[in-house]
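Chains as they are written, first to last, in my numbering: chain S, 106 to 418; chain Z, 106 to 418.
These notes are about the structure you will find just below.
Spelled out as structure tokens, the structure:
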């Protein structure tokens, strides 16, 4: 049981009863809730030494918060399941749950319960409940002619994984983004409230795989111009394609009617969140294509993101 | 991703958007929500062959529903995280999620989302959200003089684990109760609605450990009369102490003011749920004691429930 570890956590808004009983008791006046779950598993999502226990607990919250952000919601309450080998030091378990609680607190949410199991490998599963102040933005509303925008830059987390895997000294920005993604909560809420975006997703699997999720759900195609895909200097120097297929950047990708372009740019400025137009939604028969500045097709090197696929299968 | 597996699940009450997007979207008019999480891990909670994939998925829901029942709530929506070795057949994964969805459906709840990760061992984590129609019953309200009641019978699940571990042919009732616990949802809701119980918990760790949770939270002691602890003939024949310390029965244990005894018995009859008075709440200095019919102390053989503790530590 995680009760001992969670007993002294601060409670917060809407928490009538926090950890320590059979369930947490929450009070809400929201009529629309968002619910999601995600897990980080050792040797699948990270290797021993890549994340401190506190960073692992933080990241397990943040990747879920990104899913809430991608629908225009606000993270509110989470529960955590930690599965760990019997010889895991108690202070590591405490640090994981403190990390989850701290990340939740930083985003206006509260860790309200948890469970601890033994297991052969370390994993942290967070289920997160959010409130949607406005009609949520799904993956299914993109229309031909919409512009495709992405927040921030892409490829850094994948570059960090490459550096960590090869044992080369990981550089600051990339590894920081792998260890502590920034869910785009404020931008997501603003986009939903102003009804600016027709469809949205967070880039967790990689730009192309996640764009395909939008295209499938919306029954459309898309054309991306490689040179426009925003990435750090470091990624551009090493391999610009990391920005197409690298996962775990947790930026938002959205489809926006061309008439809302100015409104979107104003919103991005107000939220201090860079948003870049990387392409356009097209009719479905075209599929998802990546082109260079002359409109010639560029072949993406890999279909998606699966850190250890080759090693583990 | 579990999206493919979950895509064709029926949706249900209060589900605006089911599996397949970044989050599920729920609508609720409840002001009080209950939130809990629990996991079943191979070689910790079960061994390969003890549960079919469908039974495993079912049980992962049911143990969470029991936590909701223990506070007087109604299960509503759940998400499931399945972690499985890469060579797990796809039909097993599908059967697990179908089992979770089926058990949810049987209890008026809906499986609204999920996630699939690779891992070295199979585990199923369910996070369940419930609604509380009345003020939830916590562990903390028991008072000296309250009577202690338990639903159903205790010890069968522990007997089944013993039979399964030794390879002896598991007998019908016990192993059925291990494989498919019955969360006492209707009784829990009725107890909360009528304000009959001062404190309640579900017996997941074992009667004595869970009674201690109530005593600690309520700052009281308790006296249990061993002969009154209800168990099946099979358990009585093999080892009555299994009813004290065996886990996973998922019955409800509650503390009820003596003046409500008749109301409780009427309620139990209406719910077709046997409830047995097994003892009394006493002042805290007495701790938790088990006595025989003459009031002489009986020593319990084990402090609690931990199937594989010796083997894995």
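We treat Cβ as the ideally placed atom computed from N, Cα and C, and that holds for glycine.
Query, Result
"Just the C-alpha distance for residue 245 of chain Z and residue 322 of chain Z, rounded to the nearest angstrom, thanks.", "5 angstroms"
"When the cut-off is 8 angstroms and only beta carbons count, does residue 386 of chain Z lie next to chain S?", "no"
"Should residue 418 of chain Z be flagged as near chain S, meaning a C-beta pair shorter than 8 angstroms?", "Model confidence at residue 418 of chain Z stands at a pLDDT of 28, short of 50, so the residue's coordinates are unreliable; what they give is reported in the following sentence. Closer than 8 angstroms to some Cβ of chain S, the Cβ of residue 418 of chain Z qualifies, so yes."
"Output the distance between the C-alpha atoms of residue 191 of chain Z and residue 201 of chain S, rounded to the nearest integer angstrom.", "26 angstroms"
"Below 6 angstroms CB to CB, which residues in the same chain sit around residue 333 of chain S once its five sequence neighbours on both sides are set aside?", "383"
"Using a Cβ cut-off of 8 angstroms (strictly closer), state whether residue 131 of chain Z contacts chain S.", "yes"
"Excluding five sequence neighbours on each side, which residues of the same chain lie with their C-beta closer than 7 angstroms to the C-beta of residue 252 of chain S?", "361, 363, 366, 382 and 385"
"From the DSSP output, in three-state form, read off residue 183 of chain Z for me.", "strand"
"Extract the residue ranges of the alpha helix (DSSP H) inside the region 176–258 of chain Z, only unbroken runs of 4 or more that lie entirely within it.", "195–211"
"Between residue 414 of chain Z and the rest of its own chain, which residues show a CB-CB distance below 8 angstroms, the 5 nearest in sequence each way excluded?", "In this predicted model, residue 414 of chain Z has a pLDDT of only 42, less than 50, meaning its place in the structure is not dependable; the value taken from the coordinates is given anyway. No residues qualify anywhere along the chain."
"Please report the Cβ distance between residue 178 of chain S and residue 142 of chain Z, rounded to the nearest whole angstrom; I am assuming they are in contact, meaning their Cβ atoms lie under 8 angstroms.", "Not a contact, Cβ separation roughly 20 angstroms."
"Between the region 252–266 of chain Z and the region 195–210 of chain Z, do three or more beta carbon pairs fall short of 8 angstroms?", "no"
"Looking at residue 131 of chain Z and residue 117 of chain Z, is the spacing between their C-beta atoms short of 8 angstroms?", "no"
"Quick check on DSSP: helix, strand or coil for residue 132 of chain Z?", "strand"
"If residue 170 of chain Z sits next to residue 232 of chain S, beta carbons under 8 angstroms apart, how far is it from one beta carbon to the other, in whole angstroms?", "So it is not a contact: roughly 15 angstroms between Cβ atoms."
"For residue 330 of chain S, is the classification buried or exposed, using 16 other Cβ atoms within 10 angstroms of its Cβ as the cut-off for buried?", "buried"
"Is the shortest distance between the beta-carbon of residue 214 of chain S and the beta-carbons of chain Z less than 8 angstroms?", "no"
"Give me the residue from S/341, S/302, S/147 and S/359 with the minimum Cα distance to residue 47 of chain S.", "Any question about residue 47 of chain S goes unanswered here, given that chain S covers just 106 to 418."
"Since residue 393 of chain S meets chain Z, which of its residues come closer than 9 angstroms, beta carbon to beta carbon?", "The contacting residues do not exist; residue 393 of chain S stays about 18 angstroms from chain Z at best."
"Select from Z/158, Z/328, Z/391 and Z/373 the residue whose C-alpha is nearest the C-alpha of residue 400 of chain Z.", "Z/328"
"Between residue 226 of chain Z and chain B, is any beta-carbon pair separated by less than 8 angstroms?", "Annotation note: the requested chain B is absent from the structure, which comprises protein chains S and Z."
"Alpha carbon to alpha carbon, how far is residue 336 of chain S from residue 153 of chain S?", "28 angstroms"
"Do residue 318 of chain Z and residue 301 of chain Z come within 8 angstroms of each other at the CB atom, strictly closer than that value?", "no"
"How many whole angstroms separate the CB atoms of residue 340 of chain Z and residue 260 of chain Z, which I take to be in contact at a CB cut-off of 8 angstroms?", "4 angstroms"
"Checking the sheet assignment: what are the DSSP bridge partners for residue 382 of chain S?", "S/254"
"Keeping to the same chain, check which residues put their C-beta closer than 6 angstroms to that of residue 181 of chain S; ignore five residues upstream and five downstream.", "214, 234, 235 and 236"
"Near residue 354 of chain S, what residues of its chain come up, given a Cβ to Cβ distance below 6 angstroms and the 5 sequence neighbours on each side ignored?", "259, 262 and 308"
"For residue 174 of chain Z, collect the residues of the same chain with a Cβ closer than 7 angstroms to its Cβ; drop the 5 residues on either side in sequence, then sort them by chain order.", "288, 289, 290, 293, 307 and 357"
"Using the beta-carbon of each residue, which ones in chain Z are nearer than 8 angstroms to residue 222 of chain S?", "144, 146, 149, 150 and 228"
"Under 9 angstroms Cβ-Cβ, which residues of chain Z neighbour residue 217 of chain S?", "140"
"Per DSSP, what kind of secondary structure is residue 301 of chain Z in: helix, strand or coil?", "coil"
"Among Z/255, Z/272 and Z/282, whose alpha-carbon lies nearest the alpha-carbon of residue 380 of chain Z?", "Z/255"
"Of all the options S/243, S/344 and S/404, which has the alpha carbon lying nearest to the alpha carbon of residue 172 of chain S?", "S/243"
"For residue 178 of chain Z, return the contacting residues in chain S, with the cut-off set at a CB-CB distance below 8 angstroms.", "128"
"Between which two residues does the alpha helix (DSSP H) carrying residue 399 of chain S extend?", "Run containing residue 399 of chain S: none; DSSP gives neither H nor E here."
"May I ask you to report which of helix, strand or coil DSSP gives residue 146 of chain S?", "strand"
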